[in-house]
Structures are given as structure tokens and as C-alpha cells.
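Asker:
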């Protein structure tokens with residue numbers, strides 16, 4: 001079979017419904033709509049069958065423009081740098097995949113990462129284009145990520161998260177906080193921060209909550225157990241920073257480290273260590289633990 005099937009395209013490709021305009025071909029429309037991508041790049045993608053129609057078939061270079069036509073295209077990053085870490089697959093059945101993500105590997109394509117992502121690696125390893133992550137953890141965080149493997153049961157697993165039927169356990173290594181009492185619960189209102197990729201705490205009704213305990217004391221550094229009740233972006237990193245103990249090796253909090261290269265020897269000391277829930281399809285209790293451990 002030549003080229004990706006429609007289902008593969010549907011799950012790995014981006015979709016554009018052609019906007020109103022007076023172009024004569026789809027190629028002309030794409031060139032104008034995506035001004036950052038050169039005509040040569042579009043010609044190259046079309047020649048390699050990387051631009052598909054609504055049926056999942058590769059388009060010819062002279063396909064006539066039609067408003068509303070559905071086009072699938074594959075995001076590509078030229079010279080994407082390999083990320084020299086390897087994920088583990090902890091569990092697979094027809095509905096669910098549980099992966100152990102190493103530090104620095106993004107979960108899904110974004111920015112400069114397309115192929116070098118946990119999702120794309122698992123799709124290739126398991127030959128399943130239907131994989132979709134049920135939740136995200138940051139690129140800098142290591143640990144457990146759940147994937148739905150079957151579109152027919154996906155919504156049952158997705159509903160575990162907003163209804164808080166899944167217990168998440170994290171570990172972090174950060175500065176000792178002998179002046180505070182533990183265990184404790186930290187609640188705050190988190191809002192968009194500066195620059196755009198950061199979050200911050202602000203006034204108003206709390207929209208985040210984390211329970212925090214001390215698991216181990218080691219001089220200036222402590223190992224903390226973190227149990228997020230809510231799941232906002234960067235929640236644990238912001239909450240620990242707010243307590244006065246930014247997580248070790250955090251490139252964003254308390255300060256953004258500019259143009260920092262990934263330091264594989266010194267990752268962010270944050271690990272998505274455990275997940276527990278009742279499987280909505282089988283009714284069984286599921287307990288998963290990461291095989292990764294945070295070193296002092």
C-alpha cells in the first residue's frame with residue numbers, strides 16, 4: 001500500500017479546510033496560507049505523498065482549488081535533532097497503552113519536535129495509528145503516560161481525568177523546607193505568566209490543588225511526594241516554587257534559563273511515579289508504577 005492510510009493520516013496529520021479565495025490550485029492556496037513554508041517545500045511534500053485529500057489519497061500537484069476542500073498535511077521539521085533517550089512500554093492491551101517517558105522527550109508534536117515525540121515513537125513501535133495520549137506531562141518531566149489505543153473505548157478513559165477518578169502520584173527533589181509543616185495542601189489560582197510558556201499564581205478563587213508530603217530528607221535536599229488533585233500546566237513546578245523550593249534543575253522556575261541546551265546528566269527532578277484507577281472497560285483496579293527513579 002503506498003502512502004499512509006486515511007486513518008493514519010487522520011491521527012498523525014494536521015487538517016486544513018481550504019479558506020475562501022481566488023487561487024487556481026491547492027498548491028497556490030497552501031503557499032499563501034502558510035507563508036513560512038516555501039513553495040519548494042510544498043512541491044517536495046506533494047511529490048513525497050505528504051499532502052492528502054479528504055479520502056487520504058496523495059494529491060496531484062495541479063489539483064484545482066475548491067473552497068472548503070479538506071486537506072491533510074504532515075508537519076515536518078527539517079533536520080529534527082534526535083533525542084538520545086528511550087521510552088519503555090509498561091503495559092499494552094486492545095484499549096490502553098502505558099508508557100514510561102524519559103526526561104526531555106515531548107509527549108506530542110509541538111514546535112521543533114515532530115518525530116522525536118513519545119506519541120510518534122509509540123505509533124511506530126506498536127504499529128497503531130489510533131494511539132492518543134489521555135493526558136500530558138511536560139517534556140522536562142519523566143514518568144507515566146496513558147494512551148488510548150482504541151477509538152471505541154477512548155471516551156470512557158478520557159472521562160477519568162475531568163471527573164478525578166484517577167489518582168496520580170509524583171516525586172520531586174527540591175530544597176529542604178524545615179520551616180513548613182508537612183503533609184500540607186497547597187491551593188492557588190494559576191494564570192498565564194510571562195513569557196507565554198510559563199504559568200504563575202494570581203489573585204482569586206483557587207483553580208489548582210496539590211497535596212504535598214516529605215518522603216525523604218537528605219541534608220539540603222528533600223524528596224517530596226506530590227499528589228495533584230487538579231491537572232493544570234506546570235502546576236507542580238509552580239506550587240513547589242511558591243513554597244520556596246523550586247524543583248531541582250527547573251529551566252523555567254523560578255527563572256527562565258535562556259538558550260539552555262538539554263543537559264541529559266541533570267534533568268528536572270520531577271517524576272510521574274504512580275497511577276491508580278478503576279478501569280472503566282474491565283472494572284479492574286489498575287496500578288502502574290514508573291521504573292524510573294530520581295537520583296539525588
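In UniProt numbering, the protein residues as written are 1 to 296.
Even for Gly, the Cβ is constructed at its ideal location relative to N, Cα and C.
So what does DSSP say about residue 272, is it helix, strand or coil?
Answerer: strand
Asker: Taking 8 Å as the threshold (C-beta atoms), are residue 252 and residue 237 in contact?
Answerer: yes
Asker: State the DSSP-derived secondary structure class of residue 45, mapped to helix, strand or coil.
Answerer: helix
Asker: Can you tell me whether DSSP reads residue 218 as helix, strand or coil?
Answerer: Under the three-state reduction of DSSP, residue 218 is assigned to strand.
Asker: For residue 174 and residue 245, which I take to be in contact (beta-carbon distance under 8 Å), what is that distance rounded to the nearest angstrom?
Answerer: 4 Å
Asker: What three-state label does DSSP hand residue 278 in the structure shown?
Answerer: strand
Asker: Count the other C-beta atoms from every protein chain shown that fall within 10 angstroms of the C-beta of residue 145, then say buried if there are 16 or more, exposed otherwise.
Answerer: buried
Asker: For residue 156, report the span of its alpha helix (DSSP H) as first-last.
Answerer: It spans 154-158 - the alpha helix (DSSP H) in which residue 156 sits, taken as one unbroken run.
Asker: Could you give the distance in angstroms between the alpha-carbon of residue 255 and the alpha-carbon of residue 226?
Answerer: Cα atoms of residue 255 and residue 226: separation of roughly 22 Å, rounded to the nearest angstrom.
Asker: Less than 8 Å between the CB atoms is what I'm expecting for residue 143 and residue 247, so what's the real figure, rounded?
Answerer: Rounded, the Cβ-Cβ distance is 13 Å, inconsistent with contact.
Asker: In whole angstroms, what separates the C-alpha of residue 42 from that of residue 27?
Answerer: Distance between the alpha carbons of residue 42 and residue 27: 7 Å.
Asker: Does residue 196 pass the burial test, meaning 16 or more other C-beta atoms within 10 Å, or should it be called exposed?
Answerer: Per the 10 Å Cβ criterion, exposed.
Asker: Out of 52, 208 and 63, point me to the one whose CA is closest to residue 71's CA.
Answerer: 52
Asker: Can you give the Cα-Cα distance for residue 24 and residue 67, rounded to whole angstroms?
Answerer: Those two C-alpha atoms are separated by around 11 Å.
Asker: Nearest-angstrom Cα distance between residue 169 and residue 158?
Answerer: 18 Å
Asker: Take residue 180 as the anchor and find which of 283, 114, 212 and 74 has the nearest alpha-carbon.
Answerer: 212
Asker: Tell me residue 148's beta-bridge partners as DSSP assigns them.
Answerer: 96 and 132
Asker: Does the Cβ of residue 38 have 16 or more other Cβ atoms within 10 Å, making it buried, or fewer, making it exposed?
Answerer: exposed
Asker: Taking Cβ positions, are residue 105 and residue 118 nearer each other than 8 Å?
Answerer: yes
Asker: If I'm right that residue 116 touches residue 294 with Cβ under 8 Å, what's the distance once you round it to whole angstroms?
Answerer: At roughly 23 Å, the Cβ-Cβ gap does not stay under 8 Å, so residue 116 and residue 294 are not in contact.
Asker: Suppose contacts are defined by Cβ-Cβ distances below 8 Å. Is residue 49 in contact with residue 58 by that definition?
Answerer: Less than 8 Å divides the Cβ of residue 49 from the Cβ of residue 58.
Asker: Take residue 73 as the anchor and find which of 17, 79, 87 and 101 has the nearest alpha-carbon.
Answerer: 17
Asker: Find the nearest neighbour of residue 32 within the set 97, 65, 202 and 220, judged by alpha-carbon distance.
Answerer: The residue with the shortest Cα to Cα distance from residue 32 is 65.
Asker: Would you grab the beta carbon distance between residue 101 and residue 46 for me? Rounded to a whole angstrom, and I think it's under 8 Å.
Answerer: Not a contact, Cβ separation roughly 34 Å.
Asker: Can you tell me whether DSSP reads residue 213 as helix, strand or coil?
Answerer: strand
Asker: Check each candidate in 139, 80, 224 and 62 and name the one with the smallest Cα separation from residue 87.
Answerer: 139
Asker: Between which two residues does the beta strand (DSSP E) carrying residue 16 extend?
Answerer: 14-17
Asker: Just the C-alpha distance for residue 231 and residue 54, rounded to the nearest angstrom, thanks.
Answerer: CA-to-CA, the gap between residue 231 and residue 54 works out to about 35 Å.
Asker: Quick check on DSSP: helix, strand or coil for residue 176?
Answerer: coil
Asker: Using a Cβ-Cβ cutoff of less than 7 Å, which residues in the same chain neighbour residue 121 once the five nearest sequence positions on both sides are dropped?
Answerer: Answer for residue 121: 87, listed in chain order.
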